[in-house]
Amino acid sequence: GAGVSQSPSNKVTEKGKDVELRCDPISGHTALYWYRQRLGQGLEFLIYFQGNSAPDKSGLPSDRFSAERTGESVSTLTIQRTQQEDSAVYLCASSLTRDRTDTQYFGPGTRLTVL
Amino acid sequence: QKEVEQNSGPLSVPEGAIASLNCTYSDRVSQSFFWYRQYSGKSPELIMSIYSNGDKEDGRFTAQLNKASQYVSLLIRDSQPSDSATYLCAVQPNDYKLSFGAGTTVTVRA
């Protein structure tokens with residue numbers, strides 16, 4: 010079946026602009042996660058959704074970052090007033106449930122470059 | 503102290519040799535441990551999960567976990583050029599969030 014998809018695959022923006030990143034999880038997966046991967050580094054947790062609710066937003070680096078999920082499906086990560094340090098690959102993952110034995114499947118990521 | 507630390511690499515091994523990757527973690531309550539493989543420019547792919555102390559084997563891969571030492575490792579036997587990738591250690595302190603190490607890049611020389 011279809012895996013996790015993300016769009017756009019690449020985004021180049023100017024400092025100060027807002028960007029929206031989209032994630033389509035695997036159908037039927039109730040849990041959805043956003044991670045950020047800076048060049049040469051591991052993945053950094055940003056936010057977790059169970060259904061349409063976000064019980065854990067602890068990883069969001071600042072109030073410029075927000076995310077929502079609708080229809081227990083598509084999620085959008087929004088970064089307002091982008092800064093150069095926001096440049097990274099933003100990865101979305103989904104899992105069937107939040108149970109620790111359920112594999113998190115990752116999408117291909119969106120590479121964000123802030124000039 | 504980082505939550506998850508991996509040997510920095512890069513690790514270069516000849517084809518057919520064993521590649522050994524190490525990972526330590528700081529959160530003692532962690533119960534779930536994973537190894538992801540990430541090819542350059544691609545998304546991470548789960549290759550091993552381990553939850554109990556001891557060894558777990560899957561094909562050419564063996565994961566080893568020692569909770570007392572807060573240590574998890576991955577052995578790749580009979581390394582192939584297709585194993586050349588970055589290997590990410592991930593630890594799950596609670597039941598959803600993954601904490602990742604920075605990764606170890608492995609190059610298998612033909």
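If you read the protein sequences in the order shown, they are chains A and B.
First residue of the first sequence: 10, per this note's numbering; consecutive thereafter.
First residue of the second sequence: 503, per this note's numbering; consecutive thereafter.
Cβ atoms here follow ideal geometry from the backbone N, Cα and C, with glycine treated the same way.
Values in this document were obtained by computation on a predicted structure and should not be read as measured data.
Check                                                                                                               : Outcome
A/Thr112: contacting residues in chain B (beta-carbon distance under 8 Å)                                           : Leu548, Ser551
Extent of the continuous beta strand (DSSP E) run through A/Asp6                                                    : Chain A is shown from 10 up to 124; residue 6 of chain A falls before or after that span and cannot be answered.
Within 8 Å, strictly: CB atoms of B/Gly450 and A/Gly51                                                              : There is no way to answer for residue 450 of chain B, as the model of chain B reaches only from 503 to 612.
Below-8 Å beta-carbon distance, B/Lys599 vs any chain A residue                                                     : yes
Cβ contact check for the region 512–524 of chain B and the region 57–71 of chain A: 3 or more pairs under 8 Å       : no
is_contact[B/Phe563, chain A] using C-beta, thresh 8 Å                                                              : no
Nearest-angstrom Cα separation, counted from A/Asp27 out to B/Cys591                                                : 33 Å
B/Thr564: CB within 7 Å of a non-hydrogen atom of the ligand SAH                                                    : This structure lacks the ligand SAH, and indeed carries no ligand of any kind.
CB contact check: B/Ser545 to chain A, cutoff 8 Å                                                                   : yes
Minimum Cβ-Cβ distance from B/Phe535 to chain A less than 8 Å                                                       : no
Partner residues on chain A for B/Gly603, Cβ-Cβ distance less than 8 Å                                              : Gly51
Bounding residues of the beta strand (DSSP E) (the contiguous stretch that carries B/Tyr541)                        : Unbroken run through B/Tyr541: none, as it is neither H nor E.
Which residues DSSP lists as bridging B/Leu577, in chain order                                                      : B/Ser522, B/Thr564
Close-in-space but distant-in-sequence residues of the same chain around A/Arg47 (CB under 6 Å, 5 per side omitted) : Ala97
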